[in-house]
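J.:
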Amino acid sequence: VRMLLVLIGFMVALSNGRELPSPHLSLQGHQIWQLNKASQEIVQRMELEGLVDILDHSTGQTIAVAPCNMNDVTRMLQEHGVEAKVSVPDLQQFLENRDAEDLAQQQRERELSGRAGTCTQSKCPTPLTDDWMTFQQMGYYLEHISQSYPDRVTVSSVGKSHENRDIWMVHIKSGGCNPTRKERMAWWAQKPKAIWLEGGMHAREWISPSVCLQMIDRFINDCATTRLYDVYVAPMANPDGYEYSRTNNRLQRKNRARNGGSSCRGVDLNRNWDYKWGVVGTSSNPCSEVYKGSNPFSEPETRSLSNAMKQIKDLELYISFHSYSQVLLYPWGWTTGQTSPDTEEMERMAKVFTDTATARHGTYYYHTNSATGFYPAAGCSDDWVKGSLGVKYSYTLELRDRGNYGFSLPRNQILPTGQEVWDGLKMLLAAIRPNKVIPH
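According to mature numbering (1 follows the signal peptide of the UniProt record, and there is no 0), the sequence shown holds residues -17 to -1, 1 to 423 in order.
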């Protein structure tokens, strides 16, 4: 079964918000079930009620279930005549084995190469590509680039999370590297546009901020591309959830908001944006992994990001990095009954990206509409950017992989994922402005 190993990402909701001492102990006894021809209606109903986490949205037949919910889920499936098979009997043990294998592989590769990534407060010149960075290490890297490129790079905090962590925004200025007066005049005549990249909205999707940080490094060192674009990157949209996924529950998805009247914590930040909020694919149950929050922009993280984007002039491209599935999605996500403006053009540009990204390592990427090709969901960031800001090219990019590892992607896939995304992104930017000549 393709989704047998997907497993990893999905039990956070099912722990009903209880804080437990270790990432894997919190998943003790949790299971992955494979369903047989369950209707989309019944599976989504269980998800919205906080009983299961749907692992494979393309089929809806693979779910994760916590011990406390197994009786209720079994009863609902039996009532609808749906058979279920246990494919992973204990997520804790599975994840511990997976971690041990990944760390052993990392050690072997470091011994063969004779080098390992370094990121300390005194030395963090590049983002790590052979390990997962802590929130603190990300700060070290951002401090390094702000000090090393003071004329080209600005790092600022656009707000604070619930637990008072910074929501960073990196601005890599258009104009390229050390332009001459002639180059500046040529650049200005072609009216640079802005792009926004964002990662880490869902805590457990560690590859997302890792790729964002690689994109920052790439843009800093690609003088030609930044001549025509102001690049804005928010690499960590959900710092509280990310750190919690590192220290307490590897499969944390939401932020760490306290929800009044409930012991379950957290809001799904990608259901909290103020465009068609709550219409579909969201829940009013704080224990659900797709809890939409008490109102649109109830969360400091989404408010901070949206306010920052509102200040950017000539924003032409938005990409929110997520995982997993290797698919580039475009609006609308809130409905299957309408198409968004510029749909044909977004499809055309999406193909440019996916074809190029696929070519780098042979890792297959495809593109589709969010609601019809993936699953309907409202209150998502790309819909808000398209519907409220009117940005022409608005996408969500689901990164590696397609289910073999799910959210527990091996460390040796960090670098190649960034490489294929960079190739696709550069080609996409060139295709968006085909008549603009990058001045030399």
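Note that CB positions come from ideal geometry on N, CA and C, so glycine has one too.
Consult DSSP for Q76 and reduce its assignment to one of helix, strand or coil.
T.: Position 93 of the sequence shown holds residue 76. Reduced to three states, the DSSP call for Q76 is helix.
J.: I need the DSSP call for K293, collapsed to helix, strand or coil.
T.: Stepping through the sequence shown from its first residue, residue 293 is reached at position 310. K293 sits in a helix when the DSSP states are folded into three classes.
J.: For V262, collect the residues of the same chain with a Cβ closer than 6 Å to its Cβ; drop the 5 residues on either side in sequence, then sort them by chain order.
T.: Residue mapping note: residue 262 aligns to position 279 of the sequence shown, counting from 1. Only W317, A361 meet the Cβ criterion.
J.: Rank N204, C206, S271 by C-alpha distance to the C-alpha of residue 428 and give the top, closest one.
T.: This structure gives no information on residue 428, because the portion of the chain shown stretches from -17 to 423.
J.: So I190 and L392 are supposed to be a Cβ contact under 8 Å. How far apart are they, rounded?
T.: Mapped onto the sequence shown, residue 190 falls at position 207. Mapped onto the sequence shown, residue 392 falls at position 409. Between L392 and I190 the Cβ distance is about 5 Å, and since that is below 8 Å, they are a contact.
J.: Along the alpha helix (DSSP H) that carries Y227, what are the first and last residues, could you check?
T.: Position 244 of the sequence shown, counted from the first residue, corresponds to residue 227. Here the alpha helix (DSSP H) through Y227 covers 222 to 230.
J.: Throw me the rounded Cβ distance for the T265 and V273 pair, which I believe falls under 8 Å.
T.: Locating residue 265 in the sequence shown gives position 282, counting from the first residue. Locating residue 273 in the sequence shown gives position 290, counting from the first residue. Contact holds; Cβ gap of about 5 Å.
J.: Measuring straight from C-alpha to C-alpha, what distance separates V250 and N278?
T.: Within the sequence shown, numbered from 1, the residue matching residue 250 stands at position 267. Within the sequence shown, numbered from 1, the residue matching residue 278 stands at position 295. Rounded to whole angstroms, V250 to N278 spans 11 Å at the Cα level.
J.: What are the boundary residues of the alpha helix (DSSP H) that includes K156?
T.: Here residue 156 is taken as the residue at index 173 of the sequence shown, counted from 1. It is not in any alpha helix (DSSP H) - K156 carries neither H nor E in the DSSP assignment.
J.: So, with DSSP's three-state summary, where would you put N253?
T.: Mapped onto the sequence shown, residue 253 falls at position 270. The three-state reading of DSSP puts N253 in helix, counting H, G and I together.
J.: Compare the beta carbon distance of S323 and L380 with 9 Å and say whether it is the shorter of the two.
T.: As a position in the sequence shown, residue 323 is number 340, starting the count at 1. As a position in the sequence shown, residue 380 is number 397, starting the count at 1. No; because the gap between Cβ atoms is not below 9 Å, this pair is not in contact.
J.: If we call anything under 9 Å between Cβ atoms a contact, is D73 one with Q11?
T.: In the sequence shown, counting from the first residue as 1, residue 73 sits at position 90. In the sequence shown, counting from the first residue as 1, residue 11 sits at position 28. Their beta carbons are under 9 Å apart, which means D73 touches Q11 by this criterion.
J.: Apart from the five residues on each side of it in sequence, which residues of its chain come closer than 6 Å, Cβ to Cβ, to L408?
T.: Locating residue 408 in the sequence shown gives position 425, counting from the first residue. None.
J.: If you draw a straight line from the alpha carbon of A197 to that of P108, how long is it in whole angstroms?
T.: Taking the first residue of the sequence shown as 1, we reach residue 197 at position 214. Taking the first residue of the sequence shown as 1, we reach residue 108 at position 125. At residue 197 the sequence reads Gln, which differs from the Ala that was named. Distance between the alpha carbons of Q197 and P108 is about 12 Å.
J.: Examine the Cβ distances between the region 338 to 352 and the region 397 to 408 and report whether three or more of them are shorter than 8 Å.
T.: yes
J.: From this set, R416, A207, M219, which residue's C-alpha is nearest R187's C-alpha?
T.: Working through the sequence shown from its first residue, we reach residue 187 at position 204. Checked all of R416, A207, M219; the closest Cα to R187 is M219.
J.: Going by CA-CA distance only, name the one from S377, Y225, V136 that's closest to Q119.
T.: The count along the sequence shown starts at 1 and reaches residue 119 at position 136. When each option's Cα is compared against that of Q119, the closest is Y225.
J.: State yes or no: is the C-beta of D365 within less than 9 Å of the C-beta of S353?
T.: Your numbering for residue 365 matches position 382 in the sequence shown. Your numbering for residue 353 matches position 370 in the sequence shown. Yes, these two residues count as a Cβ contact at 9 Å.
J.: Under a Cβ-count criterion, where at least 16 other Cβ atoms within 10 Å of its own Cβ denotes burial, should D134 be classed as buried or exposed?
T.: Position 151 of the sequence shown, counted from the start, is the residue given in the question as residue 134. D134 should be labelled exposed.
J.: According to DSSP, simplified to helix, strand and coil, what is P4?
T.: Against the sequence shown, residue 4 aligns to sequence position 21. In this predicted model, P4 has a pLDDT of only 49, less than 50, meaning its place in the structure is not dependable; the value taken from the coordinates is given anyway. Three-state DSSP puts P4 in coil, outside helix and strand.
J.: Sort out for me which residues DSSP pairs residue 445 with in a bridge.
T.: Residue 445 lies beyond the stretch modelled for the chain, which goes from -17 to 423, so this question has no answer here.
J.: Exposed or buried, what is A217 when buried is set at 16 or more other beta-carbons lying within 10 Å of its beta-carbon?
T.: Residue 217 sits at position 234 when you count from the first residue of the sequence shown. By the 10 Å Cβ count, A217 comes out buried.
J.: For P4, I'd like the list of residues in its chain whose CB is within less than 7 Å of its CB, leaving aside the five on either flank, ordered along the chain.
T.: To locate residue 4, count along the sequence shown from 1; it is residue 21. Below a pLDDT of 50, predicted positions are generally treated as unreliable, and P4, at 49, falls in that range; the measurement from the model is reported next regardless. Cβ neighbours of P4 beyond the five flanking positions: none.
J.: Between which two residues does the alpha helix (DSSP H) containing E328 stretch?
T.: Taking the first residue of the sequence shown as position 1, residue 328 is located at position 345. Note, E328: alpha helix (DSSP H), 326 to 344.
J.: Does R248 pass the burial test, meaning 16 or more other C-beta atoms within 10 Å, or should it be called exposed?
T.: Your numbering for residue 248 matches position 265 in the sequence shown. Taking all protein chains shown into account, R248 has 16 or more neighbouring C-beta atoms within 10 Å of its C-beta and is therefore buried.
J.: From which residue to which residue does the beta strand (DSSP E) around Y349 run?
T.: For the purposes of this step, residue 349 is taken as the residue at position 366 of the sequence shown. 349 to 352 is the extent of the beta strand (DSSP E) around Y349.
J.: Tell me the rounded alpha-carbon separation between G100 and I199.
T.: For the purposes of this step, residue 100 is identified with residue 117 of the sequence shown, where counting begins at 1. For the purposes of this step, residue 199 is identified with residue 216 of the sequence shown, where counting begins at 1. In a straight line, the C-alpha of G100 is about 17 Å away from that of I199.
J.: Output the distance between the C-alpha atoms of E328 and Y376, rounded to the nearest integer angstrom.
T.: Along the sequence shown, one-based indexing puts residue 328 at 345. Along the sequence shown, one-based indexing puts residue 376 at 393. Whole-angstrom Cα-Cα distance: 8 Å.
J.: With 16 as the cutoff for other CB atoms within 10 Å, does E2 come out buried or exposed?
T.: Position 19 of the sequence shown, counted from the first residue, corresponds to residue 2. Residue confidence is low: E2 scores 44 on pLDDT, short of 50, so the model does not pin down where it sits. Its coordinate-derived value is still stated next. E2 should be labelled exposed.
J.: Do you know how far the Cα of G64 is from the Cα of Q88?
T.: Numbered from its first residue, the sequence shown carries residue 88 at position 105. Numbered from its first residue, the sequence shown carries residue 64 at position 81. One C-alpha to the other measures close to 44 Å.
J.: What distance in whole Å lies between the Cβ atoms of N395 and N92, which are believed to be in contact at a cut-off of 8 Å?
T.: Start at 1 with the first residue of the sequence shown, and residue 92 comes out as number 109. Start at 1 with the first residue of the sequence shown, and residue 395 comes out as number 412. Residue 92 is actually Glu in this sequence, not Asn. Confirmed, about 6 Å.
J.: So, helix, strand or coil for A67, using DSSP?
T.: Counting from 1 along the sequence shown, the entry for residue 67 is found at position 84. Looking at A67 - three-state DSSP - the assignment turns out to be strand.
J.: Report the option in L211, W179, G182 whose CA atom is closest to the CA atom of Q173.
T.: Sequence index remark: in the sequence shown, residue 173 carries index 190 (1-based). Distance check between Q173 and each of L211, W179, G182 places L211 closest, using alpha-carbon atoms only.
J.: In whole angstroms, give me the CA-to-CA distance for M320 and G370.
T.: Numbered from its first residue, the sequence shown carries residue 320 at position 337. Numbered from its first residue, the sequence shown carries residue 370 at position 387. Looking at the sequence shown, residue 320 is not Met but Gly. Between G320 and G370, the C-alpha separation is close to 15 Å.
J.: Looking at A240: is its Cβ nearer than 9 Å to the Cβ of S281?
T.: In the sequence shown, residue 240 corresponds to position 257, counting from 1. In the sequence shown, residue 281 corresponds to position 298, counting from 1. Yes.
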